[in-house]
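A.B. asks:
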Amino acid sequence: MAAKLTTKEESDKHKIITSAVHAEGGKICMQILHTGRYGYHAKIVAPSAIQAPINFFKPKELSHDEILKTISDYVQCALLAKEAGYDGVEIMGSEGYLINQFIAKRTNQRNDEWGGVYENRIKFPIQIVEQTRKAVGKECIIIYRLSMLDLVEDGSTWSEVVQLAKAIEAAGATLINTGIGWHEARIPTIATKVPRKAFAWVTKKLKSEVSIPLIAVNRINTPKIAEEVISEGCADMISMARPFLADPDFVLKSMEDRADEINTCIACNQACLDHTFQMKISSCLVNPRACHETELIYTTTLSPKNIAVVGGGPAGMAFAHIAAMRGHNVTLYEASHELGGQFNMAKIIPGKEEYAETIRYYKTMLSKYKVKLILNKKVTSEELEKGSYDEIVLASGVVPRKVNIPGIEHKKVLNYLDVLQYKVQVGKTVAIVGAGGIGFDVAEYLLHTNGHRETQQINDFLVEWGVDHEYHSAGAITKPQIKSPIREIFILKRSTGKHGATLGKTTGWIHKASLTNHGVKMLADVQYIKIDDEGFHIEVKGEKILLPVDNVIICAGQESSRTLYDSLKTSGRNPHLIGGAFEAAELDAKSAIYQACHLAAGI
Ligand code: FAD
Ligand code: SF4
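Numbering-wise, the sequence shown is residues 107 to 709 according to my numbering.
#1: Just to confirm before moving on: does the CB-CB distance between Gly663 and Gly503 stay below 8 Å?
#2: What are the residues that DSSP puts in a beta bridge with Asn412?
#3: Tell me the DSSP secondary structure of Ala126 in three-state form.
#4: Write down the C-beta distance between Asn324 and Thr295 rounded to the nearest angstrom, noting that I regard them as a contact closer than 8 Å.
#5: By Cβ distance below 8 Å, which residues in the same chain neighbour Ser178 in space, the five residues on each side in sequence not counted?
#6: For the ligand SF4, list every residue whose C-beta falls under 6 Å from any of its heavy atoms, going in chain order.
#7: Rounded C-beta distance between Ala702 and Phe305? I'm assuming under 8 Å.
#8: Express the C-alpha separation of Ile232 and Gly557 in angstroms, rounding to a whole number.
#9: Assuming contact is defined by CB atoms lying nearer than 8 Å, are Ala580 and Gly261 in contact in what I supplied?
#10: With distances taken between CB atoms, is the gap from Glu497 to His682 smaller than 8 Å?
#11: Could you compute how far the alpha carbon of Arg226 sits from the alpha carbon of Asp218?
#12: Going by Cα to Cα distance, which pick from Val223, Ala630, Glu489 is closest to His605?
#13: I'd like the list of long-range same chain contacts for Thr613, defined as Cβ closer than 6 Å, with 5 residues on each side in sequence excluded.
#14: Can you confirm whether the stretch 246 to 255 touches the stretch 270 to 290 when touching is taken to mean that 3 or more C-beta pairs between the two stretches lie within less than 8 Å?
#15: Quick one: is the Cβ of Glu689 within less than 7 Å of any heavy atom of the ligand FAD?
#16: Indicate the three-state DSSP secondary structure (helix, strand or coil) for Arg668 in the structure shown.
#17: Less than 8 Å between the CB atoms is what I'm expecting for Lys710 and Asp656, so what's the real figure, rounded?
#18: Go through the stretch 540 to 607 residue by residue and report every complete run of the beta strand (DSSP E) that reaches 3 residues or more, in order.
#19: Compare the Cα-Cα distances from Leu402 to each of Leu408, Ile413, Gly194, Ser389 and report the closest residue.
#20: State the CB to CB distance for the pair Ile293 and Gly287, rounded to an integer number of angstroms; the pair is presumed to be in contact (CB under 8 Å).
#21: Given a threshold of 16 other Cβ atoms within 10 Å of its Cβ, counted over all protein chains shown, does Ser487 qualify as buried or as exposed?
#22: With a 10 Å radius around its C-beta and 16 neighbouring C-beta atoms as the bar for buried, classify Glu560 as buried or exposed.
#23: Give me the Cβ distance between Cys397 and Ile387, rounded to the nearest whole Å; I'm assuming they're in contact under 8 Å.
#24: If you measure from the CB of Glu488, is any heavy atom of the ligand FAD nearer than 7 Å?
#25: Are His434 and Lys411 close, meaning C-beta to C-beta below 8 Å?
#26: What is the rounded straight-line gap between the Cα of Leu693 and the Cα of Lys508?
#27: So within the stretch 172 to 250, which uninterrupted alpha helix (DSSP H) runs reach at least 4 residues, ignoring any that extend past its ends?
#28: Kindly examine the ligand FAD and report whether one of its heavy atoms sits closer than 7 Å to the Cβ of Pro420.
This is how it looks when you write it as structure tokens:
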């Protein structure tokens, strides 16, 4: 399906979608989005020729005639959408895209009737809505996505937001959806670090100003949170996107009071937005079927097998429940007292609490499909052989990689398992060896009292990231207020280059900003000399330095644990390897779950 709708031919193709939705009794609107200066090619256009800080390309300024033509393009697109069977359209006026670029002084420095005073800058969206309403008729839904918080300098003020909302209502919009933050804003708006319903308050603020229904968005990922937003009077409707990638049956399960069975979006962005930026098809870390529904199919098996699964981490749990759902007899062995594997460590990192939801989902599914669970059992190859299993699936994960530094046996040296799993007491000054995702997560954990952030307090989040909750400033941004860090932390790496370069495109900058805001010092190109009572002796670019730290925490990667695999192979079995046991790639639950689901679909 083309991501554009400019011809009758394209409109016909959209009918596949609209008729499928209508056959299920649903309604569907299509979003019309012009990226303006965010487009990623040399011919982009914008109200003024001002390059976006997140784009390599500089836009060309639209002429008066081109603006009129663009307005009529919106109208034309809406008409084609109607023809394709959509019940309406959403006009994307937020997130820093073209319409938003007209509205804000930051990007609109024109001197003609489309620039200057606010009334001129909002003429573009008003005309689009007015002319679209005229063209599509009274019944067609028009949603206008209005940037209620720009979160950038020279963004809209609150009174401007209200003025625009009233004008958009008068122009004929049916509903107003909430837009939060431009893409170039340096404040996270959808990542897992953002507390649930963190921005519903701004939709609530607008409620009394207009009479058409308002829609709340961003980090609303469970039916319970959605209910809260409505019952607290923040909005009339809820908008979600990623939760439907994570679980296409979200609505059905909510209606049938089966919220426990919802595979919850953990806001990791790893397989949806990060894929988009890598020019890959979007999918979902917790649901690899998303956007691959015709390739990854779970059919009932005609020949049920006895299957042993070793390891109750994401890979083992994903495999076990799908294989059991298909009709196999599955036994899952887990060495520890609980399911979840490394996600039990991920879920205690401040800002990654959502990972607990994946464990909850899998537990529910394992019980629903009657997987035989054997906890507290570090199963051996002999036991597996005796078990007369048709198939053995090893999802036994990883072990921390050992590093060879003089003094590595010193009592002040720990690894990430000691800190996150065994809760060993850590001192006030810490050097972390390794700047991958786990090194970053351990640093984040150690910045908070007792390692754990009690709950995700919305207000604390807004204050820490400089969101002006009172909305006194344009763009609703203010100076971030950072609590004094409780530890002095250094993150060291041997290689040159920037820290965090291996982290996800759309979330790595957030993790890095959080640590730097809290004074974490990041050193690259480091030679490790020795660890002793004095601290950590290192050399950076030829300069010898002593870091007088209480602890050195090794987060230098992981290795697959292959002992079981090797001994089963020796005795002639052919076990399957999935997840970290197949390849240790640090933060890679995406591959672990993907492999598990594909193996379970075909076994
Ligand atoms: P594991 O999760 O390691 O599970 C293996 C399980 O096997 C363990 O429970 C273990 O006890 C059990 N086991 C081992 N041997 C035996 C045996 N002989 N008998 C019975 N049981 C056995 N990934 C991401 O994609 N995104 C993130 O944001 C992210 N954050 C992370 C944060 C932290 C702090 C950590 C530590 C990891 C994070 N990860 C993240 C990595 C992710 O958790 C792993 O990629 C994923 O857990 C691998 O899943 P797995 O099932 O292969 O292995
Ligand atoms: Fe949600 Fe992560 Fe799936 Fe994206 S990849 S839909 S953020 S769980």
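We put the beta carbon where it would ideally sit given N, CA and C, even for glycine.
C.D. replies: Well, looking at it:
#1: Translated into positions along the sequence shown, residue 663 becomes position 557. Translated into positions along the sequence shown, residue 503 becomes position 397. No; because the gap between Cβ atoms is not below 8 Å, this pair is not in contact.
#2: Along the sequence shown, read from residue 1 onward, the residue named residue 412 stands at position 306. Paired residues: Asn435.
#3: For the purposes of this step, residue 126 is taken as the residue at position 20 of the sequence shown. Look at Ala126 here: in three-state DSSP terms it is helix.
#4: The residue given as residue 324 occupies position 218 in the sequence shown. The residue given as residue 295 occupies position 189 in the sequence shown. Asn324 to Thr295, Cβ: 6 Å. Contact.
#5: Within the sequence shown, numbered from 1, the residue matching residue 178 stands at position 72. Answer for Ser178: Gln237, listed in chain order.
#6: Arg348, Leu351, Ala352, Cys371, Ile372, Ala373, Cys374, Asn375, Gln376, Ala377, Cys378, Cys390, Leu391, Val392
#7: Residue numbering aside, residue 702 sits at position 596 when the sequence shown is read from its first letter. Residue numbering aside, residue 305 sits at position 199 when the sequence shown is read from its first letter. Wrong, their Cβ atoms sit about 34 Å apart, outside the cutoff.
#8: Here residue 557 corresponds to residue number 451 of the sequence shown, with the count starting at 1. Here residue 232 corresponds to residue number 126 of the sequence shown, with the count starting at 1. Its pLDDT being 48, under 50, Gly557 is placed unreliably in this model, and the value from its coordinates should be taken loosely. Taking the straight line from one Cα to the other gives about 50 Å.
#9: To locate residue 580, count along the sequence shown from 1; it is residue 474. To locate residue 261, count along the sequence shown from 1; it is residue 155. Yes, these two residues count as a Cβ contact at 8 Å.
#10: As a working mapping, residue 497 is identified with position 391 in the sequence shown. As a working mapping, residue 682 is identified with position 576 in the sequence shown. The answer is yes: Cβ separation under 8 Å.
#11: The sequence position of residue 226 within the sequence shown is 120, counting from 1. The sequence position of residue 218 within the sequence shown is 112, counting from 1. The question names Arg, but residue 226 in the sequence shown is Asn. Approximately 8 Å, taken between the alpha carbons.
#12: Translated into positions along the sequence shown, residue 605 becomes position 499. Out of Val223, Ala630, Glu489, Ala630 has the C-alpha closest to the C-alpha of His605.
#13: Your numbering for residue 613 matches position 507 in the sequence shown. Correct list, in chain order: Ala297, Asn375.
#14: yes
#15: For this step, residue 689 is matched to residue 583 along the sequence shown. The answer is no for Glu689.
#16: The sequence position of residue 668 within the sequence shown is 562, counting from 1. Three-state result, Arg668: coil.
#17: Missing from the structure shown is residue 710; the chain here goes from 107 to 709 and no further.
#18: 594 to 598
#19: In the sequence shown, residue 402 corresponds to position 296, counting from 1. Checked all of Leu408, Ile413, Gly194, Ser389; the closest Cα to Leu402 is Ser389.
#20: Start at 1 with the first residue of the sequence shown, and residue 293 comes out as number 187. Start at 1 with the first residue of the sequence shown, and residue 287 comes out as number 181. At roughly 6 Å, the Cβ-Cβ gap stays under 8 Å, so Ile293 and Gly287 are in contact.
#21: Looking up residue 487 in the sequence shown gives position 381. By the neighbour-count rule (16 or more Cβ atoms within 10 Å), Ser487 is buried.
#22: To locate residue 560, count along the sequence shown from 1; it is residue 454. Only weak support is given to the placement of Glu560: the predicted model assigns it a pLDDT of 44, under 50, and the value that follows is read from those uncertain coordinates. Looking at its Cβ environment, which holds fewer than 16 other Cβ atoms inside 10 Å, Glu560 is exposed.
#23: Your numbering for residue 397 matches position 291 in the sequence shown. Your numbering for residue 387 matches position 281 in the sequence shown. With a Cβ gap of about 5 Å, Cys397 and Ile387 count as contacting.
#24: By 1-based counting over the sequence shown, the position of residue 488 is 382. No, since every heavy atom of the ligand FAD falls outside the 7 Å radius drawn around the Cβ of Glu488.
#25: If you number the sequence shown from 1, residue 434 lands on position 328. If you number the sequence shown from 1, residue 411 lands on position 305. Yes, they are a contact pair.
#26: Position 587 of the sequence shown holds residue 693. Position 402 of the sequence shown holds residue 508. Spanning the two alpha carbons is a distance of roughly 18 Å.
#27: 204 to 209, 224 to 227, 229 to 242
#28: Numbered from its first residue, the sequence shown carries residue 420 at position 314. Under cutoff, so the answer is yes.
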